[in-house]
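Working notes for the structure below.
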Amino acid sequence: MPEPPPLLAAEGLGVRFGDFRALGGVSLRVRQGGIHSVIGPNGAGKTTLFNALTGARPPTEGAVTLAGREVTRMPAHRRARLGMSRSFQVTNLFAELAVRENLRLAVQAARGRSAWAFWHAPSRLPGVAEAVEGLLSLTGLAARADARAGSLPHGGQRALEIGMALASDPKLVLLDEPLAGMGVDDVARTKALIRGLAPARTVLLIEHNMGVVLDISDRITVLARGRVIAEGPPAAIRADPGVREAYLGSTGAAA
Amino acid sequence: MEPRFPDPTSLGLLLAVAALPFVLPTVTLASEAVVFATGTLSCSLLLGGVGLLSFGQGLFLGAGAYASGLLLRDAGLGTAAAVLLSTLGAAALAGLVGFISVRRRGVYFVMLTLAFAQMGYFAVLAAGRVTGGENGLTGVPRPSLPGGLALDTPGAVYAVLAVLCLSAFFLAQRVLASPFGSVLAAIRENEARAEALGYGTRAFKVAAFALAGGIAGLAGAMHTLFLGFVPPNTIQLEMSERLIVMAIIGGAGSPAGAFVGALFFVVAAEFLAELWPRWLILIGLLLIAIVLFMPRGIWGAAQELLARRRAAAVPGLAADA
Chain A
1 MPEPPPLLAA EGLGVRFGDF RALGGVSLRV RQGGIHSVIG PNGAGKTTLF
51 NALTGARPPT EGAVTLAGRE VTRMPAHRRA RLGMSRSFQV TNLFAELAVR
101 ENLRLAVQAA RGRSAWAFWH APSRLPGVAE AVEGLLSLTG LAARADARAG
151 SLPHGGQRAL EIGMALASDP KLVLLDEPLA GMGVDDVART KALIRGLAPA
201 RTVLLIEHNM GVVLDISDRI TVLARGRVIA EGPPAAIRAD PGVREAYLGS
251 TGAAA
Chain B
256 MEPRFPDPTS LGLLLAVAAL PFVLPTVTLA SEAVVFATGT LSCSLLLGGV
306 GLLSFGQGLF LGAGAYASGL LLRDAGLGTA AAVLLSTLGA AALAGLVGFI
356 SVRRRGVYFV MLTLAFAQMG YFAVLAAGRV TGGENGLTGV PRPSLPGGLA
406 LDTPGAVYAV LAVLCLSAFF LAQRVLASPF GSVLAAIREN EARAEALGYG
456 TRAFKVAAFA LAGGIAGLAG AMHTLFLGFV PPNTIQLEMS ERLIVMAIIG
506 GAGSPAGAFV GALFFVVAAE FLAELWPRWL ILIGLLLIAI VLFMPRGIWG
556 AAQELLARRR AAAVPGLAAD A
């Protein structure tokens, strides 16, 4: 059976910061409807890869295609309109505004020019309220909807960050360490949330929590020192001696 | 938490504006209050709505004042047309100044607005043959309104100024409680995040700056109608400062704060000036006290007090039972 074309593909991607080669010759094929994780020791180039894929910092070499369309040099906000969305490694919210308002602003941002309307209440934009309610229940934040975003515990803020990434109803979601700093309960809930995104959406995930990655991923790419050292389904990655060595060599028992 | 329109303060503003000429000792003082309330609103809208501190609002107020004076006296326009055109003209000028100024953030943005404000004053002095220079623009008529309402008594002038002032406040409340206003709040809270969501934050800031400039220009035209001449201090840097001081005293968080701040300042000036010629020292002390102890201004502090009383009332009832 022929493989369907990937939703997101990178071909020979490289990023240089002056003389430092942060990423070199990275090729990646993210299949539609799956959860694809990128793992690797600290400094392996995972966030650099994300920035190159999303357009936050375009690659110095190689090409990125999104749904068959070349987007290597396309600015980040135009890629977002093609259905790509990301969450940030560092929590970045409207801390003084309500949780609901954070999500509403994110939903409204995807509605283009209607954000310029100044003659009616924000609640009168059609479909926005429903989309916000949907995101509130999806992220498990419905009970805290009217709380200040800054008053949420860390796990809640991470969940809100994911909710905001989903607000544009993207086909492809890139999540940068969504579980970082979460307590055990939050990890379980967020893991279920991420798993539930596929197959309706495609997920590209950077995550250090190896247990979760091996559990929910359909496919895993392992980066080390800016290069792909292994790629395959979780079982194959778990058994790969090169991966074990890369991890034991740098961060010890991280695997 | 998010602003609404109309809200209880809309009704409060309406009642306050209706009551002012009867509560204050003179109608003239009431007129001065609504003129400065409108000018202060332009500062609050930028500071409280978008998080932009502009030292240039005096420039737009002055531009509106001079434009309306020239249109009334030299172009022979009617009152309504002169007010409308000076408001739009000030908005256009502010759009231009904003387009240049929002390219920088923080203190550099403030410096740019300050530089434009200074240029405005010296431009008025340089064009002395048109503007009257240091003497100001004298002998500005007050033509009757289209309906035949003559502006020949302080009460009639106040009525017109009151309607204009309320229009500006209701417009500001409407805009803040809209999708556009919610983006301004997002910019105020975290501009980088708003941009990452896909909002073109620079364009939103320019639009807000033009709107605030238009409101300042309207206040200038109201000032001209009120005095019947245009003193050069309408466009001096001190005007910009005074509007910011009023905005902070009242609390920049909402339009109602602008009204409270301007009213407080105008009334305090009236009474203190009689007691002591150096009354501005007292205003300075007051400003220091407010910034230190009531960062949300008189209106913000009053709202907090009200909320605390309401919260205290509920368990109080339970304890009685």
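Going line by line, the protein sequences match chains A and B. Sequential numbering from 1 applies to the first sequence in our numbering. Sequential numbering from 256 applies to the second sequence in our numbering. For every residue, glycine included, the Cβ atom is placed at its ideal position computed from N, Cα and C.
Discussion item. Rounding to the nearest angstrom, what Cα-Cα distance links Leu400(B) and Leu406(B) in this structure?
Written reply: By one-based count along the second sequence, residue 400(B) stands at place 145. By one-based count along the second sequence, residue 406(B) stands at place 151. Those two C-alpha atoms are separated by around 8 Å.
Item to complete: Please go through the same chain and pick out, in chain order, the residues whose beta-carbon is closer than 6 Å to the beta-carbon of Ser309(B), but skip the five residues on each side of it.
Response: Numbered from its first residue, the second sequence carries residue 309(B) at position 54. For Ser309(B), where only same-chain residues beyond five positions count, the Cβ hits under 6 Å are Leu301 and Thr368.
Worksheet item: For Phe548(B), which residues of its own chain have a beta-carbon under 8 Å away from its beta-carbon, when the five flanking residues on both sides are left out?
Response: Within the second sequence, residue 548(B) is the residue found at index 293, counting from 1. Result list for Phe548(B): empty, nothing under 8 Å.
Worksheet item: Given that Leu125(A) touches chain B, what residues does it touch there, using C-beta distances under 8 Å?
Response: Translated into the one-based positions of the first sequence, residue 125(A) becomes position 125. Those within 8 Å of Leu125(A) in chain B are Pro434.
Fill in: Per-residue contacts from Leu172(A) into chain B (C-beta, under 7 Å)
Within the first sequence, the letter at position 172 stands for residue 172(A). Near Leu172(A) there are no residues of chain B at all, since even the closest Cβ is about 16 Å away, more than 7 Å.
Discussion item. Within 9 Å of any Cβ in chain A, is that where the Cβ of Ala265(B) sits?
Written reply: To locate residue 265(B), count along the second sequence from 1; it is residue 10. At residue 265(B) the sequence reads Ser, which differs from the Ala that was named. No, Ser265(B) lies away from the interface with chain A (no Cβ there is under 9 Å from its Cβ).
Fill in: Within 7 Å of chain A by C-beta, residues of the stretch 551-566 of chain B in sequence order
none
Item to complete: Can you grab the Cα-Cα spacing for the pair Ile206(A) / Leu426(B), in whole Å?
Response: By one-based count along the first sequence, residue 206(A) stands at place 206. By one-based count along the second sequence, residue 426(B) stands at place 171. If I take the Cα positions, the gap works out to 47 Å.
Practice prompt. Note down the Cα distance separating Glu70(A) from Ala63(A), rounded to an integer number of angstroms.
Written response: For the purposes of this step, residue 70(A) is identified with residue 70 of the first sequence, where counting begins at 1. For the purposes of this step, residue 63(A) is identified with residue 63 of the first sequence, where counting begins at 1. Those two C-alpha atoms are separated by around 7 Å.
Item to complete: Give a yes or no on whether 9 Å exceeds the smallest Cβ distance from Ser217(A) to chain B.
Response: As a first step, residue 217(A) is located in the first sequence; it is residue number 217 there, counting from the start. Answer no: the Cβ-Cβ gap between Ser217(A) and chain B never drops below 9 Å.
Discussion item. What would DSSP say about Arg17(A), mapped onto helix, strand or coil?
Written reply: Here residue 17(A) is taken as the residue at index 17 of the first sequence, counted from 1. Looking at the sequence provided, one finds Phe at residue 17(A) rather than Arg. The answer is strand: DSSP assigns Phe17(A) an E or B state.
Worksheet entry | Trp119(A), buried or exposed, once every other Cβ within 10 Å from all chains shown has been counted against 16 | Here residue 119(A) is taken as the residue at index 119 of the first sequence, counted from 1. Under this definition Trp119(A) is an exposed residue.
Worksheet item: To which residues does DSSP link Leu66(A) through a beta bridge?
Response: By one-based count along the first sequence, residue 66(A) stands at place 66. The partner list for Leu66(A) (beta bridge, DSSP) reads Leu8(A) and Arg69(A).
Item to complete: Thinking Arg29(A) and Ala9(A) are a contact (beta carbons under 8 Å), I'd like their distance in whole angstroms, please.
Response: For the purposes of this step, residue 29(A) is identified with residue 29 of the first sequence, where counting begins at 1. For the purposes of this step, residue 9(A) is identified with residue 9 of the first sequence, where counting begins at 1. Contact holds; Cβ gap of about 5 Å.
Worksheet item: Going by the beta-carbon positions, is the gap between Leu431(B) and Ala346(B) smaller than 9 Å?
Response: In the second sequence, counting from the first residue as 1, residue 431(B) sits at position 176. In the second sequence, counting from the first residue as 1, residue 346(B) sits at position 91. Cβ distance not < 9 Å, so Leu431(B) and Ala346(B) don't count as in contact.
Discussion item. For a contact defined as C-beta to C-beta under 7 Å, what are the partners of Leu452(B) on chain A?
Written reply: The sequence position of residue 452(B) within the second sequence is 197, counting from 1. The contacting residues are Leu105, Ala106 and Ala109.
Fill in: the stretch 44-59 of chain A in contact with the stretch 78-94 of chain A per 3-pair CB rule at 8 Å
yes
Item to complete: Quick one: measure Cβ to Cβ for Leu25(A) and Thr60(A), integer angstroms, because I've assumed they're closer than 8 Å.
Response: The residue given as residue 25(A) occupies position 25 in the first sequence. The residue given as residue 60(A) occupies position 60 in the first sequence. Reading the sequence as shown, one finds Gly at residue 25(A) and not Leu. Not confirmed; about 12 Å, so no contact.
Worksheet item: Residues in its own chain within less than 6 Å of Ala511(B) by CB, not counting five upstream and five downstream?
Response: In the second sequence, counting from the first residue as 1, residue 511(B) sits at position 256. Once the five neighbours on either side are set aside, the close Cβ partners of Ala511(B) are Thr264 and Trp554.
Item to complete: Could you tell me which uninterrupted beta strand (DSSP E) segments, each at least 3 residues in length, are contained entirely in the stretch 71-157 of chain A, listed from first to last along the chain?
Response: 84-86
Worksheet item: Residues of chain A with a CB under 8 Å from the CB of Glu493(B): which are they?
Response: Here residue 493(B) refers to the residue found at position 238 of the second sequence. Chain A residues near Glu493(B): none, gap ~32 Å exceeds 8 Å.
Worksheet item: Among Leu125(A), Ala106(A), Arg104(A) and Leu105(A), which has the Cα closest to the Cα of Ser114(A)?
Response: The sequence position of residue 114(A) within the first sequence is 114, counting from 1. Out of Leu125(A), Ala106(A), Arg104(A) and Leu105(A), Leu125(A) has the C-alpha closest to the C-alpha of Ser114(A).
Worksheet entry | Local Cβ density within 10 Å of Glu287(B), reported as buried at 16 or more and exposed below that | Counting from 1 along the second sequence, the entry for residue 287(B) is found at position 32. Buried.
Worksheet entry | Within 9 Å, strictly: CB atoms of Val289(B) and Tyr454(B) | The count along the second sequence starts at 1 and reaches residue 289(B) at position 34. The count along the second sequence starts at 1 and reaches residue 454(B) at position 199. No. Outside cutoff.
Worksheet entry | Asp176(A) in three-state terms, based on DSSP | Your numbering for residue 176(A) matches position 176 in the first sequence. Note: Asp176(A) maps to strand in three-state DSSP.
Worksheet item: Would you say the stretch 129-137 of chain A touches the stretch 99-110 of chain A, given that touching needs at least three Cβ pairs under 8 Å?
Response: yes
Worksheet item: Does the distance from the CB of Ala353(B) to the CB of Phe520(B) come in under 9 Å?
Response: Position 98 of the second sequence, counted from the first residue, corresponds to residue 353(B). Position 265 of the second sequence, counted from the first residue, corresponds to residue 520(B). Looking at the sequence shown, residue 353(B) is not Ala but Gly. No. Outside cutoff.
Discussion item. Using 9 Å as the threshold, is the C-beta distance between Leu93(A) and Ala149(A) below it?
Written reply: Along the first sequence, one-based indexing puts residue 93(A) at 93. Along the first sequence, one-based indexing puts residue 149(A) at 149. Closer than 9 Å, so yes.
Worksheet entry | Against chain B: residues of the stretch 59-84 of chain A by CB proximity under 7 Å | His77 and Ala80
Worksheet entry | Buried or exposed by the 16-neighbour rule on C-beta atoms within 10 Å, applied to Phe514(B) | Residue numbering aside, residue 514(B) sits at position 259 when the second sequence is read from its first letter. Phe514(B) is buried by the Cβ-count criterion.
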